[in-house]
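A.B. asks: Protein chains in written order, with the working numbering: chain A, -17 to 245; chain B, 60 to 391. The beta-carbon is built from N, C-alpha and C at its ideal position, and this holds for glycine as well. There's a structure below that I have some questions on.
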Ligand SMILES: Cc1cc2nc3c(=O)[nH]c(=O)nc-3n(C[C@H](O)[C@H](O)[C@H](O)COP(=O)(O)OP(=O)(O)OC[C@H]3O[C@@H](n4cnc5c(N)ncnc54)[C@H](O)[C@@H]3O)c2cc1C
């Protein structure tokens, strides 16, 4: 099976506090630790497992600047066979639809049976997979947490819906799926693995290579634009307990007892 | 002024989802004078009950009735919506697991803008819709503008808009089945098989009065011990956020949130949990919430009653000791 996984570089939010820069135009990026978007990592792991079961190859593709090459190498170290970077100044500030059009152009150069994305990334939009499927006229299923290959024409997947219930569906290949966390346990990528892929040549394609006009992507092609970043007014918010650890604990126990929080 | 505004109604077993009424509020934030039309797909008595229920909140209700719609398939609904929606219309959809399946592709098929997961809307100015979204699991917010001149698909975060149940005199139910199915039932490359209910675990956290809930901040499976100790000291049960389940440190049946359990305890301790809307969506009944997090800006502090900025790995064992200490003093 030929599998393509769309991946994105994202700040690791479990490692970083996200702060806003002084004029609210962006988040403070200087000290951020970047990695592959959490959801995408599960998607790549799933792709590798499918390939190991039924054969074929796994390609990872990302839209980004030169630094985005890092996540491509990381996922190749994990076991993806090929990596592609789609990079061009005119791609900057693309909205979800713009990103989907760029990836679509790359997809049409190949012949993929299965296209995977993460269910969402750092912006919480969860849009590229569904858009891609609609652009390519292929069936789509989001939030997939289990997957079984039936034959080379169809697969069976479970979508995790409200309450953690599983919606089981059969879906024809070629198709697009968005992968939800928990579908597998992504393997650890050691420094050695990353070193192994450090010198692999990663092809880079720009708008011209992909046959994209600069008006269709980037800022000019975007219908949705971000104006600023801000921290919402905390409103009422919590009563913050302050003082020494002992004082805080004493106060907290008092409050909990008053609320029958300690039986 | 915005074009016509529609809302896609999610419903189950004859009851409209809460978002049905939240979308009324969202639509009014787009345009207070907008005529809002609800679209409901389904079949039989359940469908009629839902249509009647929401007819008092929407000026018009479009229903699509077909046996094959008894379980909603986003691929089918997408095609039906493309068939009946007028050009340039705005459609609001809940940003839930169904909306996430339906909406992005719908925006492509309608050639309309897509505004995902809005938490607030600031009106429309010259075909530019201004809205608020969240990024980085709710740690920061952004203002976005969306060009709606060619229509738009807008998903709204469940719970973000305050439900509006103001009654309209005589919201009309219009049967759109014939128009939607005129060219036949949509063929798709996807077939629904069944829903498998989530497994029941050893503890039913939906019944617990005291929940000690732990998130990714616990860092390592071995550290869970301190959470069990605190739960024991408080006489409560251990629950968790999704990443703890994804890592297989606790069973799925202990996960609180939209894709986990909905709990209604009296007291909820959130330890090392950032407070994403999917997590908070599973906490009902306004419990007394205590958040302990090392990041003073964690969104959970906006929802909690009491907050402590601390490292749970240090703070939790100390808290447990003091609780146990004060108890043994009482008992002797
Ligand atoms: C469709 C869908 C459904 C979902 N359903 C659910 C659901 O049902 N339930 C759910 O929980 N999530 C759900 N999620 C995931 C959700 O979006 C968040 O990713 C998740 O809730 C984050 O969990 P967390 O707060 O434990 O982790 P994080 O967001 O990583 O937060 C960890 C927190 O711990 C703090 N911390 C770190 N170390 C320490 C320390 N030593 N001491 C104190 N604090 C510390 C950090 O400051 C941070 O605030 C869903 C997502 C999607 C897309």
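Closer than 7 Å: is that where the CB of residue 286/B sits relative to any heavy atom of ligand 1?
C.D. replies: no
A.B. asks: Should residue 175/B be flagged as near chain A, meaning a C-beta pair shorter than 8 Å?
C.D. replies: yes
A.B. asks: Give the list of continuous beta strand (DSSP E) stretches no shorter than 3 residues that lie fully inside the region 105 to 163 of chain A.
C.D. replies: The qualifying runs are 122 to 131, 136 to 142, 148 to 154 and 157 to 161.
A.B. asks: How big is the Cα-Cα spacing for residue 365/B and residue 145/B?
C.D. replies: 49 Å
A.B. asks: Closer than 8 Å, Cβ to any Cβ of chain B: which residues of the region -16 to 17 of chain A, in chain order?
C.D. replies: -7, -5, -4, -1, 0, 1, 2 and 9
A.B. asks: Name the residues in the region 309 to 337 of chain B whose C-beta lies less than 7 Å from a C-beta of chain A; which are they?
C.D. replies: Close to chain A, meaning a Cβ-Cβ distance shorter than 7 Å, are the following residues of the region 309 to 337 of chain B: 311, 314, 317, 318, 319, 325 and 326.
A.B. asks: By DSSP's criteria, residue 272/B is part of a beta bridge. Which residues make up the other side?
C.D. replies: 298/B and 329/B
A.B. asks: Along chain B, which residues have their Cβ under 8 Å away from the Cβ of residue 121/A?
C.D. replies: 134, 247, 248 and 249
A.B. asks: Measuring straight from C-alpha to C-alpha, what distance separates residue 4/B and residue 106/A?
C.D. replies: No answer is possible for residue 4/B: the residues shown for chain B start at 60 and end at 391.
A.B. asks: By DSSP's criteria, residue 153/B is part of a beta bridge. Which residues make up the other side?
C.D. replies: 215/B
A.B. asks: Closer than 8 Å, CB to CB, is residue 107/B near chain A or not?
C.D. replies: no
A.B. asks: Distance cutoff 8 Å, beta carbons only. Does residue 150/A sit that close to anything in chain B?
C.D. replies: yes
A.B. asks: Going along the chain, which residues of the region 195 to 217 of chain B sit with their C-beta nearer than 7 Å to a C-beta in chain A?
C.D. replies: 195, 196, 198, 199, 200, 201, 202, 203, 204, 205 and 206
A.B. asks: Could you check whether the region 250 to 260 of chain B touches the region 149 to 162 of chain A, counting it as contact only if at least three pairs of C-beta atoms, one from each stretch, sit closer than 8 Å?
C.D. replies: Flag = yes, the region 250 to 260 of chain B and the region 149 to 162 of chain A touch.
A.B. asks: If I measure Cβ to Cβ from residue 24/A and keep anything under 8 Å in the same chain, skipping five residues before and after, which residues do I get?
C.D. replies: Hits under 8 Å: 100, 161, 162, 163, 164, 165, 166 and 168.
A.B. asks: Could you tell me whether the Cβ of residue 385/B comes closer than 8 Å to any Cβ of chain A?
C.D. replies: yes
A.B. asks: Let me make sure I understand the geometry here. Which of 244/B, 99/B and 82/B has the alpha-carbon closest to that of residue 91/B?
C.D. replies: 82/B
A.B. asks: Anything in chain A within Cβ reach of residue 193/B, meaning under 8 Å, just list it in chain order.
C.D. replies: 106
A.B. asks: Taking beta-carbon pairs under 9 Å, can you tell me which members of the region 142 to 162 of chain B lie near chain C?
C.D. replies: Absent from the structure is chain C; the protein chains it does hold are A and B.
A.B. asks: Anything in chain A within Cβ reach of residue 354/B, meaning under 7 Å, just list it in chain order.
C.D. replies: -1
A.B. asks: Could you tell me which chain B residues have their CB closer than 7 Å to the CB of residue 58/A, listed as they occur along the chain?
C.D. replies: What residue 58/A touches in chain B: nothing, since even the nearest Cβ is about 23 Å away.
A.B. asks: Which same chain residues, not among the five before or five after residue 76/B, have their C-beta less than 7 Å away from its C-beta?
C.D. replies: Hits under 7 Å: 69, 70 and 153.
A.B. asks: Along chain A, in chain order, which residues have C-beta atoms closer than 7 Å to that of residue 80/B?
C.D. replies: Per Cβ cutoff of 7 Å: no residues; residue 80/B is ~17 Å from chain A at best.
A.B. asks: DSSP three-state label for residue 254/B, please.
C.D. replies: strand
A.B. asks: Quick one, which of 78/A, 232/A and 120/A has its alpha-carbon nearest residue 94/A's?
C.D. replies: 120/A
A.B. asks: When you compare only the Cα positions, how much space is there between residue 129/A and residue 230/B?
C.D. replies: 44 Å
A.B. asks: Distance cutoff 8 Å, beta carbons only. Does residue 367/B sit that close to anything in chain A?
C.D. replies: yes
A.B. asks: Mapping DSSP to helix, strand and coil, what is residue 352/B?
C.D. replies: strand
A.B. asks: State yes or no: is the beta carbon of residue 51/A nearer than 8 Å to at least one beta carbon in chain B?
C.D. replies: Residue-level contact by beta carbon fails for residue 51/A and chain B, as no gap is shorter than 8 Å.
A.B. asks: Starting from the C-beta of residue 116/A, find all residues in its chain whose C-beta is less than 8 Å away, skip the five residues before and the five after it, and write them out in chain order.
C.D. replies: These residues qualify, in order along the chain: 122.
A.B. asks: Is there a C-beta anywhere in chain B that falls below 8 Å from the one on residue 235/A?
C.D. replies: yes
A.B. asks: Could you tell me the distance, in whole angstroms, from the CA atom of residue 180/B to the CA atom of residue 215/B?
C.D. replies: 10 Å
A.B. asks: Shorter than 7 Å, the distance from the beta carbon of residue 278/B to the closest heavy atom of ligand 1, or not?
C.D. replies: yes
A.B. asks: Once the 5 residues before and after residue -13/A are set aside, which same chain residues still bring their CB inside 6 Å of it?
C.D. replies: Excluding the 5 residues flanking it on each side, residue -13/A has same chain C-beta neighbours closer than 6 Å at 25, 26, 29, 42 and 98, in chain order.
A.B. asks: Restricting to Cα atoms, I'd like to know which of 130/B, 371/B, 246/B and 210/B is closest to residue 272/B.
C.D. replies: 371/B
A.B. asks: If you reduce the DSSP assignment to three classes, tell me which class residue 98/A lands in.
C.D. replies: strand
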